[in-house]
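The block underneath contains the structure these notes are about, expressed in structure tokens.
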Amino acid sequence: MTSTRLALASAALALATTAGMLAVEATAKTERASPIYGVTIPDGYRQWELIAPAQEAEPLNELRAVLGNTTAIKAYRDGKLPFPDGTVLVKLAWKHVQSPEFEPASVPGAATTVQVMVKDSKKYASTGGWGFGRFIAGQPVDMAQHETCFTCHEARVKGHDFVFTRYAP
Ligand code: HEC
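Numbering-wise (the numbering used here), the sequence shown opens with residue 52 and increments by one.
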């Protein structure tokens with residue numbers, strides 16, 4: 052009887068601890084979510100497949116790489132538009148630096164931004180089905196910057212489901 056009670060008590064404690072840890076994790080996630088859209092940096096995105104690299108001229112002068120989750124990669128390979136719900140695209144960017152070992156080569160310098168687009172046609176119906184997030188050192192940038200995302204993507208690439216990047220051959 053006593054040992055059953057003890058076991059129950061410790062099980063309850065374990066549950067309470069797990070719930071507490073989950074609550075802390077959830078709070079941390081909300082803090083790192085973008086304004087307007089509530090988009091976060093997806094776990095494990097560094098292991099995702101490459102869609103294409105890109106380079107941006109001055110004043111930003113950056114090297115970039117766009118990666119996609121498995122839903123994104125499948126849609127690209129199948130030439131499927133619009134992208135299905137669950138598609139996530141991540142754009143990494145670095146300062147464009149000359150290689151110290153070989154002059155003509157460009158290499159990534161300091162990381163600048165991580166940008167995320169998440170497709171959820173219901174949740175983000177008013178922005179073409181896409182939620183946006185821009186992060187610097189893991190923290191989302193302000194609301195004013197997030198107000199620019201859809202405007203530019205809509206103006207330029209509405210006919211490609213608001214996505215600029217094409218799959219690099
Ligand atoms: C002035 C235009 C402009 C604005 C504003 C803009 N983008 Fe983009 N975005 C681009 C271009 C151009 C690309 C293509 C890749 C590149 O040049 O880096 C791109 C690419 C992306 C990609 C990779 C998928 C794709 O469409 O190619 C993501 C993710 C992204 N942007 C997120 C954002 C977020 C988040 C914001 C707002 C904080 C934002 N963008 C604001 C022009 C813009």
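Backbone N, C-alpha and C define an ideal beta-carbon position, used for all residues, glycine too.
Determine which residues share a DSSP beta bridge with G184 and list them. Against the sequence shown, residue 184 aligns to sequence position 133. Partner(s): V167.
Can the beta-carbon of F186 be found closer than 8 Å to that of T164? To locate residue 186, count along the sequence shown from 1; it is residue 135. To locate residue 164, count along the sequence shown from 1; it is residue 113. One thing to note: F186 has its Cβ within 8 Å of the Cβ of T164.
Close beta carbons around S157, own chain, < 6 Å, minus the five adjacent residues each side: As a first step, residue 157 must be located in the sequence shown, where it is residue number 106. Within the same chain, S157 has close Cβ partners H147.
How is the alpha helix (DSSP H) around H204 delimited, first residue to last? As a working mapping, residue 204 is identified with position 153 in the sequence shown. Counting along the chain, the alpha helix (DSSP H) containing H204 begins and ends at M194 to V208.
Quick check: the Cα distance between I87 and K142, rounded to an integer number of angstroms? Walking along the sequence shown from the start, residue 87 turns up at place 36. Walking along the sequence shown from the start, residue 142 turns up at place 91. Per the coordinates, the alpha-carbon of I87 lies some 19 Å from the alpha-carbon of K142.
Going by other Cβ atoms of all chains shown within 10 Å of its Cβ, with 16 needed for buried, is M194 buried or exposed? Counting from one through the sequence shown, the residue named residue 194 turns up at place 143. By the 10 Å Cβ count, M194 comes out exposed.
If you run the structure through DSSP and keep just helix, strand and coil, what is A105? Taking the first residue of the sequence shown as 1, we reach residue 105 at position 54. Shown here, A105 sits in a strand according to DSSP, grouped into three states.
Over what stretch of residues does the alpha helix (DSSP H) that includes K125 continue unbroken? The count along the sequence shown starts at 1 and reaches residue 125 at position 74. For K125, the enclosing alpha helix (DSSP H) covers residues T121 to D129.
Who does V148 pair with in a DSSP beta bridge? Locating residue 148 in the sequence shown gives position 97, where the first residue counts as 1. Partner(s): V158.
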